[in-house]
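A.B. asks: Numbering of the sequence shown is given in our numbering, commencing with residue 6 and proceeding in unit increments.
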Amino acid sequence: MSAKWTATDVPDQSGRVVIVTGANTGIGYEAAAVLAGKGAHVVVAVRNLVKGKEAVDAITRSQPGADLALQELDLSSLASVRAAADALRTAYPRIDLLVNNAGVMYPPKQTTSDGFELQFGTNHLGHFALTGLLLDHLLPVDGSRVVTVASIAHNIRAGIHFDDLQWERSYNRVSAYGQSKLANLMFTYELQRRLATRGAPTIAVAAHPGISNTELMRHVPGSGLPGFSQLAGLVTNSPAVGALGTLRAATDPGAQGGQYYGPSGFRELVGHPVVVQSNRMSHDVEVQQRLWTVSEELTGVKFGV
6 MSAKWTATDV
16 PDQSGRVVIV
26 TGANTGIGYE
36 AAAVLAGKGA
46 HVVVAVRNLV
56 KGKEAVDAIT
66 RSQPGADLAL
76 QELDLSSLAS
86 VRAAADALRT
96 AYPRIDLLVN
106 NAGVMYPPKQ
116 TTSDGFELQF
126 GTNHLGHFAL
136 TGLLLDHLLP
146 VDGSRVVTVA
156 SIAHNIRAGI
166 HFDDLQWERS
176 YNRVSAYGQS
186 KLANLMFTYE
196 LQRRLATRGA
206 PTIAVAAHPG
216 ISNTELMRHV
226 PGSGLPGFSQ
236 LAGLVTNSPA
246 VGALGTLRAA
256 TDPGAQGGQY
266 YGPSGFRELV
276 GHPVVVQSNR
286 MSHDVEVQQR
296 LWTVSEELTG
306 VKFGV
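#1: Give me the Cα-Cα distance between Val290 and Leu78, rounded to the nearest whole angstrom.
#2: Restricting to Cα atoms, I'd like to know which of Ala134, Ala201, Arg150 is closest to Glu302.
#3: Around the C-beta of Thr202, are 16 or more other C-beta atoms found within 10 angstroms, so that it is buried, or is it exposed?
#4: Terminal residues of the continuous alpha helix (DSSP H) containing Tyr182?
#5: If you follow the beta strand (DSSP E) that Tyr266 is in, where does it begin and where does it stop?
#6: As an exercise, report each continuous beta strand (DSSP E) stretch of at least 3 residues that is fully enclosed by the segment 128-173, in chain order.
#7: What beta strand (DSSP E) runs, 3 residues minimum, are completely inside the segment 75-124?
#8: Return helix, strand or coil for Asp14, following the three-state DSSP convention.
#9: Do the segment 183-198 and the segment 269-287 meet, that is, are 3 or more Cβ pairs less than 8 Å apart?
#10: Taking the straight line between their C-alpha atoms, what separation do you get for Ala28 and Val310?
#11: Would a C-beta distance cut-off of 8 Å place Lys131 and Leu80 closer than the cut-off?
#12: Return the residue from the list Val39, Val25, Val281 that minimises the CA-CA distance to Asp17.
#13: What does the Cβ neighbour count give for Val22, buried or exposed, with the cut at 16 atoms within 10 Å?
#14: Does DSSP put Thr207 in a helix, a strand or coil?
#15: Our contact map puts Asn242 next to Pro268 with C-beta atoms below 8 Å; I'd like the distance itself, whole angstroms only.
#16: Among His46, Gly44, Leu75, Val47, whose alpha-carbon lies nearest the alpha-carbon of Val55?
#17: How many angstroms separate the CA atom of Arg162 from the CA atom of Ala45?
#18: So what's Ser228 in DSSP terms, helix, strand or just coil?
#19: Is it true that the CB of Val152 sits closer than 8 Å to the CB of Ala255?
#20: Going by the beta-carbon positions, is the gap between Gly31 and Pro244 smaller than 8 Å?
#21: For Trp297 and Leu138, what's the separation of their Cα atoms in angstroms?
#22: Just to confirm my understanding: we take Ala50, look at its own chain, exclude 5 residues before and 5 after, and list those with CB closer than 6 Å. What are they?
#23: Just verifying my parser: in three-state terms, what is the DSSP assignment at Gly238?
#24: With a threshold of 16 other CB atoms inside 10 Å of the CB of Ala71, please say whether the residue is buried or exposed.
#25: Based on Cα-Cα distance, which residue from Ala36, Leu187, Val47 lies nearest to Ser19?
#26: Short check: CB of Ile216 to CB of Leu274, under 8 Å?
#27: If you draw a straight line from the C-alpha of Gly42 to the C-alpha of Ser175, how long is it?
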């Protein structure tokens with residue numbers, strides 16, 4: 006495949022049921038728009054229903070005939086995750102694609118409604134629980150996929166701090182974000198191992214957008230200064246290009262379970278998506294399995310694989 010893989014390479018998605026978390030803005034919105042334009046039934050799963058409705062309306066205007074639905078989902082609340090999963094399971098006996106995209110980055114120290122550090126609780130535990138609760142509607146579907154959006158930040162001062170997962174002793178927002186993104190990758194690799202062992206038709210794939218100028222950057226130091234957005238636009242991927250890694254992981258017929266897609270440019274910061282490699286730590290099977298066990302204990306969600 007060419008390193009210049011674009012949205013035009015996304016094959017026809019007619020008949021597929023797709024759920025995209027955080028699809029009201031940024032790369033989630035762009036991915037949802039492309040998938041809807043290719044014929045998929047896309048569920049826009051978002052915390053804020055007003056913003057979600059605005060996104061659905063905008064996609065419908067740009068993609069006449071797009072088939073979309075709206076689902077309330079607050080990943081920082083396990084009660085909301087369970088309620089959303091119940092609604093989705095009732096509405097969709099089969100699910101072809103789950104895109105775990107929503108996330109928070111670099112916020113001041115906060116906790117979820119369940120007492121988890123906000124980034125770890127939202128970016129990892131919320132998606133872990135959602136995937137586990139929906140998985141049996143993916144497993145019977147040939148060609149189904151779970152795509153989880155990670156980040157190059159898994160390399161930055163990151164580790165899985167089992168002795169203080171919720172950053173109660175001290176808080177570093179950059180390291181906490183890195184931990185949550187490393188957890189996304191470890192979750193993908195361990196899920197893929199379990200799916201393969203079962204011989205399931207479902208695969209787990211990860212992607213990252215490089216540096217993309219989206220709303221996720223609102224907590225980056227200096228983001229409120231005049232000219233920040235214009236400057237960021239010069240050195241980052243646009244949301245549409247940032248979404249290509251997600252789209253390739255989700256739709257490329259040649260994608261394999263356990264692969265990781267990211268930009269082809271310098272240090273994976275910008276460019277079109279290719280298969281990339283995450284750091285050595287992310288492939289530590291013992292840590293993956295320990296994280297899985299802890300995640301099951303914290304969320305109360307057990308997987309059928």
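Yeah, the Cβ is synthetic: ideal placement off N, Cα and C, and Gly gets one too. Computed from a predicted structure; not experimentally measured.
C.D. replies: Once the coordinates are examined:
#1: Within the sequence shown, the letter at position 285 stands for residue 290. Within the sequence shown, the letter at position 73 stands for residue 78. The straight-line gap from Cα to Cα measures roughly 31 Å.
#2: Start at 1 with the first residue of the sequence shown, and residue 302 comes out as number 297. Comparing Cα-Cα distances from Glu302 to each of Ala134, Ala201, Arg150, the minimum goes to Ala134.
#3: In the sequence shown, the residue the question calls residue 202 occupies position 197. Its Cβ having fewer than 16 others within 10 Å, Thr202 is exposed.
#4: Translated into the one-based positions of the sequence shown, residue 182 becomes position 177. Unbroken alpha helix (DSSP H) run through Tyr182: 178-203.
#5: Locating residue 266 in the sequence shown gives position 261, counting from the first residue. Tyr266: member of the beta strand (DSSP E) spanning 265-268, first to last residue.
#6: Taking only runs of at least 3 residues, the beta strand (DSSP E) segments lying wholly in the segment 128-173 are 150-154.
#7: Complete beta strand (DSSP E) runs here, min 3: 102-105.
#8: As a working mapping, residue 14 is identified with position 9 in the sequence shown. The answer is helix: DSSP assigns Asp14 an H, G or I state.
#9: Result yes; three or more Cβ-Cβ pairs closer than 8 Å.
#10: One-based indexing of the sequence shown puts residue 28 at position 23. One-based indexing of the sequence shown puts residue 310 at position 305. Straight across, the Cα-Cα distance linking Ala28 with Val310 is about 27 Å.
#11: Position 126 of the sequence shown holds residue 131. Position 75 of the sequence shown holds residue 80. Looking at the sequence provided, one finds Gly at residue 131 rather than Lys. Contact annotation: Gly131 and Leu80 have beta-carbon atoms nearer than 8 Å.
#12: Position 12 of the sequence shown, counted from the first residue, corresponds to residue 17. Comparing Cα positions, the closest option is Val39.
#13: Residue 22 sits at position 17 when you count from the first residue of the sequence shown. The residue is buried, with at least 16 neighbouring Cβ atoms inside 10 Å.
#14: Locating residue 207 in the sequence shown gives position 202, where the first residue counts as 1. In the three-state scheme derived from DSSP, where H, G and I count as helix and E and B as strand, Thr207 is classed as coil.
#15: Mapped onto the sequence shown, residue 242 falls at position 237. Mapped onto the sequence shown, residue 268 falls at position 263. About 7 Å; that satisfies the 8 Å criterion.
#16: Indexing the sequence shown from 1 puts residue 55 at position 50. Taking the Cα of Val55 as reference, the smallest distance to any Cα among His46, Gly44, Leu75, Val47 is reached at Leu75.
#17: Along the sequence shown, one-based indexing puts residue 162 at 157. Along the sequence shown, one-based indexing puts residue 45 at 40. Those two C-alpha atoms are separated by around 38 Å.
#18: As a first step, residue 228 must be located in the sequence shown, where it is residue number 223. Note on Ser228: pLDDT 39, under 50, position unreliable in the model; the coordinate value appears next. Shown here, Ser228 sits in coil according to DSSP, grouped into three states, outside any helix or strand.
#19: Translated into positions along the sequence shown, residue 255 becomes position 250. Translated into positions along the sequence shown, residue 152 becomes position 147. For Ala255 and Val152, yes; Cβs fall inside 8 Å.
#20: Residue numbering aside, residue 31 sits at position 26 when the sequence shown is read from its first letter. Residue numbering aside, residue 244 sits at position 239 when the sequence shown is read from its first letter. It is a contact, given that the beta carbons lie within the stated cut-off.
#21: Sequence index remark: in the sequence shown, residue 297 carries index 292 (1-based). Sequence index remark: in the sequence shown, residue 138 carries index 133 (1-based). Their Cα atoms are separated by approximately 15 Å.
#22: Position 45 of the sequence shown, counted from the first residue, corresponds to residue 50. These residues qualify, in order along the chain: Ile24, Thr26, Gln76, Leu78.
#23: In the sequence shown, residue 238 corresponds to position 233, counting from 1. Because Gly238 sits at a pLDDT of 44, beneath the cut-off of 50, its placement in the model cannot be relied upon, and the following sentence gives the value as read from the coordinates. DSSP, read as helix, strand or coil, puts Gly238 in helix.
#24: Mapped onto the sequence shown, residue 71 falls at position 66. Around the beta-carbon of Ala71, 16 or more other beta-carbon atoms lie within 10 Å, marking it buried.
#25: Numbered from 1 along the sequence shown, position 14 holds the residue referred to as residue 19. Scanning Ala36, Leu187, Val47 for the CA closest to the CA of Ser19 turns up Val47.
#26: Here residue 216 corresponds to residue number 211 of the sequence shown, with the count starting at 1. Here residue 274 corresponds to residue number 269 of the sequence shown, with the count starting at 1. A distance below 8 Å separates the beta carbons of Ile216 and Leu274.
#27: The residue given as residue 42 occupies position 37 in the sequence shown. The residue given as residue 175 occupies position 170 in the sequence shown. About 45 Å.
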